[in-house]
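Enquirer: Pasting a structure below so you can have a look.
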Amino acid sequence: MFFKRNRQRIFSKLRILKFFLYNLLENENNPYNQIYNILALFLVITSSVGIILEVIVGVKAIPPDLRDILDTYEDIALMFFALEYLTRLWVISNFIDDLEESYIENKNLTKTKRILKALKDAIKPKLKWMITPYAIIDLIAIIPLIRPLRVFRLLLALRLLKIIRYSGALKSLVYAFKEHAFLFVFIFLTIIVWVVSFSTIVYIIEYNKGSQTFQSFEDALYWGIVTISTVGYGDIYPVSKEGKFITAIMIGGGIILVAALTGIFSASLVSRLMAIKEGSLKMPNLENHIVICGWNETAEEILEQIIKNKLHTEKPVVLITNIPKMELGIELPKSVIYKKGDFIQESILLEVGIDKAEHIVIVAEREEGLSERNIDARTALVSMLVRTLNPNANLYVEVLLDEDAHIFKKRINIQEVIIHGQILGKILFASMINPGMTTLINSFIDKEKRMKKIKMIEFGEIETFGELLRLSRKYNHLPLAIEREGSVIINPSDDFKLKKEDYVFLIPASNF
Numbered sequence: 001m002f003f004k005r006n007r008q009r010i011f012s013k014l015r016i017l018k019f020f021l022y023n024l025l026e027n028e029n030n031p032y033n034q035i036y037n038i039l040a041l042f043l044v045i046t047s048s049v050g051i052i053l054e055v056i057v058g059v060k061a062i063p064p065d066l067r068d069i070l071d072t073y074e075d076i077a078l079m080f081f082a083l084e085y086l087t088r089l090w091v092i093s094n095f096i097d098d099l100e101e102s103y104i105e106n107k108n109l110t111k112t113k114r115i116l117k118a119l120k121d122a123i124k125p126k127l128k129w130m131i132t133p134y135a136i137i138d139l140i141a142i143i144p145l146i147r148p149l150r151v152f153r154l155l156l157a158l159r160l161l162k163i164i165r166y167s168g169a170l171k172s173l174v175y176a177f178k179e180h181a182f183l184f185v186f187i188f189l190t191i192i193v194w195v196v197s198f199s200t201i202v203y204i205i206e207y208n209k210g211s212q213t214f215q216s217f218e219d220a221l222y223w224g225i226v227t228i229s230t231v232g233y234g235d236i237y238p239v240s241k242e243g244k245f246i247t248a249i250m251i252g253g254g255i256i257l258v259a260a261l262t263g264i265f266s267a268s269l270v271s272r273l274m275a276i277k278e279g280s281l282k283m284p285n286l287e288n289h290i291v292i293c294g295w296n297e298t299a300e301e302i303l304e305q306i307i308k309n310k311l312h313t314e315k316p317v318v319l320i321t322n323i324p325k326m327e328l329g330i331e332l333p334k335s336v337i338y339k340k341g342d343f344i345q346e347s348i349l350l351e352v353g354i355d356k357a358e359h360i361v362i363v364a365e366r367e368e369g370l371s372e373r374n375i376d377a378r379t380a381l382v383s384m385l386v387r388t389l390n391p392n393a394n395l396y397v398e399v400l401l402d403e404d405a406h407i408f409k410k411r412i413n414i415q416e417v418i419i420h421g422q423i424l425g426k427i428l429f430a431s432m433i434n435p436g437m438t439t440l441i442n443s444f445i446d447k448e449k450r451m452k453k454i455k456m457i458e459f460g461e462i463e464t465f466g467e468l469l470r471l472s473r474k475y476n477h478l479p480l481a482i483e484r485e486g487s488v489i490i491n492p493s494d495d496f497k498l499k500k501e502d503y504v505f506l507i508p509a510s511n512f
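First residue of the sequence shown? That's 1 in our numbering, and the numbers climb one at a time after it.
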């Protein structure tokens, strides 16, 4: 029931943690997800070394002390993957919310059937996730935690399938190579030519000087590779002055070439992470999120309120604008996704998953050379496009001209149309007539005291507004208005008949 929701405040920090972990594990657009995937990929590969060695050289060929180290490392990896599996199972859906919602919706059933139906509906999303290919791979990877099953070495080898799970990390590595493929190939070929050429020269010099360290050309190539990639092992080395001089030149050039190769690769990886940060990547996997189209003082205030109320920790928030991130005038939390682009383009909207968004806000973003009428026309085009792509989203629009607001309300199915500056003017005028009105309105939208909109069905079997009022006062709540089919009825009479489709605007108790 609604009045039992007070307990949700206790779980607010848990929700924040859950959202953070969801972004870390599931959101490919989160920079931390890219880092996590790389670390997890490293753990998958390194923890599989033991089984790979057993296949290549056999169990008996592995020294006992090395076997113990590999087994311990494998146990640590298995516990890590088990924890990861349980965490993914936890964050994939909201069990308590699904349970409560199903229980409320099925009030026509008996209590026992309602409970069973609610449990079924709450568990269903998690079971649905458990039979996905990735989840099955994750489960197979942790089965060897059961010691007797470790005799089936194939189960350990199947852990390598988790590499598919962390494909985001592989994509980053592939992207890093593809972005500078020409330079990679050029430098790599240069290194090969460098090693072969200097190995040949040193081999000829040492051979003619009678050196016994270079027995063959293969030894010379081995020496060249070891010398350019490390400081050398000392098993093969030139003894003549000429050979040592050539070696010094080879080492100097080799350092530059290897550094260039690793530098380009590192720069490409950083470039990919920056692309995520600066909003140039696609985000098609987002759903039930908030999208803000455009940037002005209204969007800034909305975003500040979202951050203040920590709404961005409960669901993804995306900002689309052509304005560079550094010029926004506000520091965006890492959980707020910035997308650089023109939101009038369908491709940009689809890249942020606009078709699966829950709330969409379109503000009157000003551009040089556009009149207020043109800006409103642009907003109208975006609104119609958004409504076509996502008919079920809650759409909120800001317009500049009063006469345009009526067009939006009549022609486009929009939840709210706000006229820029009009509400502020009305509030200031109301404060002039009734001093203190601003304080009252601020208290209505304050984080702790703000008015709430609740489904009527959550109150149970209540027929009239008078009954609702009496029940609410028992819990120190105060209902003010009823919303029915888009119309708001303020302070209805006590005998006003309520419908289960209605919504109640309510001022909660101070400790709600």
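Where is the CB? At the ideal position from N, CA and C, for every residue including glycine.
Remember, it's a predicted structure, so these values are computed and weren't measured experimentally.
(1) For ALA481, report the span of its beta strand (DSSP E) as first-last.
(2) Would you grab the beta carbon distance between ASN288 and LYS315 for me? Rounded to a whole angstrom, and I think it's under 8 Å.
(3) Using the C-alpha atoms, what's the distance from LEU286 back to MET1?
(4) Could you give the distance in angstroms between the alpha-carbon of ILE191 and the alpha-carbon of ASP68?
(5) Alpha carbon to alpha carbon, how far is TYR503 from PHE343?
(6) Tell whether a beta-carbon distance below 9 Å holds between ASP494 and PHE459.
(7) Is DSSP giving LEU86 helix, strand or coil here?
(8) Buried or exposed: HIS406, going by 16 or more other Cβ atoms within 10 Å of its Cβ?
(9) Less than 7 Å between C-beta atoms, sequence neighbours within five positions excluded: which residues of the same chain meet that for ARG366?
(10) Measure from the alpha carbon of ASP75 to the alpha carbon of each residue in ALA61, THR46, ASP98, then state which is nearest.
(11) The alpha helix (DSSP H) with ASN374 in it runs from where to where?
(12) Assuming HIS420 contacts LEU400 (C-beta within less than 8 Å), just tell me the rounded distance between them.
(13) Quickly, what does DSSP pair VAL291 with across the bridge? List them, please.
(14) Put LYS340 into one of helix, strand or coil per three-state DSSP.
(15) To which residues does DSSP link VAL399 through a beta bridge?
(16) In angstroms, rounded to a whole number, what distance separates the CA positions of VAL202 and VAL226?
(17) Quick one, which of PHE496, ASP98, LEU127 has its alpha-carbon nearest LYS117's?
(18) Can you say whether VAL488 is buried or exposed, counting buried as having 16 or more other CB atoms within 10 angstroms of its CB?
(19) What residue range does the alpha helix (DSSP H) around SER347 cover?
(20) Does the Cβ of ILE131 have 16 or more other Cβ atoms within 10 Å, making it buried, or fewer, making it exposed?
(21) Within the chosen definition, does the segment 72–86 reach the segment 103–113 through at least 3 CB pairs nearer than 8 Å?
(22) Is it buried or exposed, THR262, if we count other Cβ atoms within 10 angstroms and call 16 or more buried?
(23) If you follow the beta strand (DSSP E) that PHE505 is part of, which residue opens it and which one closes it?
(24) Using DSSP's beta-bridge definition, name the partner residues of ILE489.
(25) Quick one: which unbroken alpha helix (DSSP H) runs of 4-plus residues sit fully inside the segment 80–149? Chain order, please.
(26) Within 10 angstroms of its Cβ, does MET384 collect 16 or more other Cβ (buried), or is it exposed?
(27) Using only CA atoms, which one of THR379, ASN434, SER211 lies nearest to VAL417?
(28) Run the CB neighbour count on LEU34, radius 10 Å, all protein chains shown included, and call it buried at 16 or more, exposed below.
(29) Specify, as a first and last residue, the run of the alpha helix (DSSP H) that LYS497 falls within.
(30) By the 10 Å Cβ neighbour count, where 16 or more other Cβ atoms means buried, how is SER48 classified, buried or exposed?
(31) At which residues does the beta strand (DSSP E) containing LYS453 begin and terminate?
(32) Can you give me the start and stop residues for the alpha helix (DSSP H) that ASP355 sits inside?
(33) Are the beta-carbon atoms belonging to SER211 and GLY243 less than 9 Å from one another?
(34) If you reduce the DSSP assignment to three classes, tell me which class THR213 lands in.
(35) Can you name the start and end residues of the alpha helix (DSSP H) that ILE51 belongs to?
(36) Expressed to the nearest angstrom, what Euclidean distance is found between the alpha-carbon atoms of PRO238 and VAL59?
Expert: On the basis of the supplied data:
(1) ALA481: member of the beta strand (DSSP E) spanning 478–484, first to last residue.
(2) Right, the Cβ-Cβ distance comes to about 6 Å (below 8 Å), so this counts as a contact.
(3) Because the pLDDT at MET1 is just 46, under 50, the model does not fix this residue reliably, and the point stays unresolved.
(4) If I take the Cα positions, the gap works out to 39 Å.
(5) TYR503 and PHE343: Cα-Cα distance of roughly 32 Å.
(6) It is not a contact, given that the beta carbons lie outside the stated cut-off.
(7) Here DSSP, grouped into helix, strand and coil, assigns LEU86 to helix.
(8) HIS406 comes out exposed.
(9) Cβ contact annotation for ARG366 (same chain, cutoff 7 Å, sequence separation greater than five): ASN296, ILE375, in chain order.
(10) In this structure, THR46 is the residue among ALA61, THR46, ASP98 with its C-alpha nearest to the C-alpha of ASP75.
(11) First-last of the alpha helix (DSSP H) with ASN374: 372–389.
(12) Yes, HIS420 and LEU400 are in contact; Cβ-Cβ is about 5 Å, under 8 Å.
(13) VAL318, ILE360.
(14) LYS340 falls in the strand class under three-state DSSP.
(15) Answer by DSSP bridge pairing, in chain order: ILE419.
(16) So the alpha carbons of these two residues sit roughly 14 Å apart.
(17) Nearest of PHE496, ASP98, LEU127 to LYS117, Cα basis: ASP98.
(18) Exposed, since its Cβ has fewer than 16 Cβ neighbours within 10 Å.
(19) Counting along the chain, the unbroken alpha helix (DSSP H) around SER347 starts and ends at 346–351.
(20) ILE131 should be labelled exposed.
(21) Contact between the segment 72–86 and the segment 103–113 is absent, because fewer than three Cβ pairs lie under 8 Å.
(22) Counting other Cβ atoms within 10 Å of its Cβ, THR262 stays below 16 and is therefore classed as exposed.
(23) Unbroken beta strand (DSSP E) run through PHE505: 503–507.
(24) Per DSSP, ILE482.
(25) Listed in chain order, the alpha helix (DSSP H) elements of length 4 or more contained wholly in the segment 80–149 are 95–105, 111–130, 133–142.
(26) Counting other Cβ atoms within 10 Å of its Cβ, MET384 stays below 16 and is therefore classed as exposed.
(27) The alpha carbon of VAL417 has as its nearest neighbour, out of THR379, ASN434, SER211, the alpha carbon of THR379.
(28) Rather than Leu, the amino acid found at residue 34 in this sequence is Gln. Answer is buried; the Cβ neighbour count reaches 16.
(29) It is not in any alpha helix (DSSP H) - LYS497 carries neither H nor E in the DSSP assignment.
(30) Flag for SER48 reads buried.
(31) Boundaries of the beta strand (DSSP E) harbouring LYS453: 452–455, taken from the DSSP string.
(32) Where ASP355 is concerned, there is no enclosing alpha helix (DSSP H), given that its DSSP letter is neither H nor E.
(33) Going by C-beta atoms, SER211 is nearer than 9 Å to GLY243.
(34) Looking at THR213 - three-state DSSP - the assignment turns out to be coil, as it is neither helix nor strand.
(35) Looking at the DSSP string, the run of the alpha helix (DSSP H) that includes ILE51 is 49–57.
(36) Rounded to whole angstroms, the separation of the alpha carbons of VAL59 and PRO238 is 40 Å.
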